[in-house]
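**Q**
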Amino acid sequence: MTQRLPLVAAQPGIWMAEKLSDLPSAWSVAHYVELNGELDAPLLAKAVAVGMQQADTLRMRFTEENGEVWQWIDPEYTFGEPTRRAPSSYAGLRRNKKPYATRTRHRYRQPGNVALRRRTPAF
1 MTQRLPLVAA QPGIWMAEKL SDLPSAWSVA HYVELNGELD APLLAKAVAV
51 GMQQADTLRM RFTEENGEVW QWIDPEYTFG EPTRRAPSSY AGLRRNKKPY
101 ATRTRHRYRQ PGNVALRRRT PAF
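No gaps in the numbering here: position 8 of the sequence shown is 8 in the UniProt record's numbering, and each next residue is one more.
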């Protein structure tokens, strides 16, 4: 384990709200970017993996001991490049009037994807 780091000012309130909430990962924030034109998918996958590996916040872990919450960066958590190709049903999303909603519905129906159904905090 790496160095214990104190929480920043807003984190104790978020920690307590997350513990009291019935909503899964209520403090999670999602973003998406629309990319137009032809893509070099393998190069994009590498760029995303490198970017995620460089973002310490994605490897941050939290724990509570004796009423004190602290955090640390998990050095062993790594992000590999995606190895699975997108399902063929994604191919038509460029012409879809609601591509994001269609993609989300499809992803939610995948049997192994529990991230959208999680009922516990992500930490």
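All C-beta atoms, glycine included, are put in the ideal place defined by N, C-alpha and C.
Could you check whether Trp70 and Thr63 sit closer than 8 Å to each other, using their CB atoms as the reference points?
**A** yes
**Q** With 16 other CB atoms within 10 Å as the buried threshold, where does Glu81 fall?
**A** exposed
**Q** Below 8 Å on the Cβ atoms is my contact criterion, and I expect Thr102 with Asn96 to pass it. Report the Cβ-Cβ distance as a whole number of Å.
**A** 5 Å
**Q** Of all the options Gln3, Gly67 and Ile73, which has the alpha carbon lying nearest to the alpha carbon of Arg59?
**A** Considering only alpha carbons, the answer is Ile73.
**Q** Look up Trp27 in the DSSP assignment and say whether it is helix, strand or coil.
**A** coil
**Q** Can you have a look at Glu65 and say buried or exposed, based on whether 16 or more other CB atoms are within 10 angstroms of its CB?
**A** exposed
**Q** Ser25 to Ala49, Cα distance in whole Å?
**A** Straight-line spacing of the CA atoms in Ser25 and Ala49 works out to 23 Å.
**Q** Measure the C-alpha to C-alpha separation of Leu7 and Leu44 and round it to an integer number of angstroms.
**A** 33 Å
**Q** When the Cα atoms are used, what is the spatial distance from Gly13 to Leu23?
**A** 16 Å
**Q** Which residues bound the alpha helix (DSSP H) around Val50?
**A** Ala41 to Gln54
**Q** Would you mind sorting Glu18 into buried or exposed? The rule is 16 or more other CB atoms within 10 Å of its CB.
**A** Looking at its Cβ environment, which holds 16 or more other Cβ atoms inside 10 Å, Glu18 is buried.
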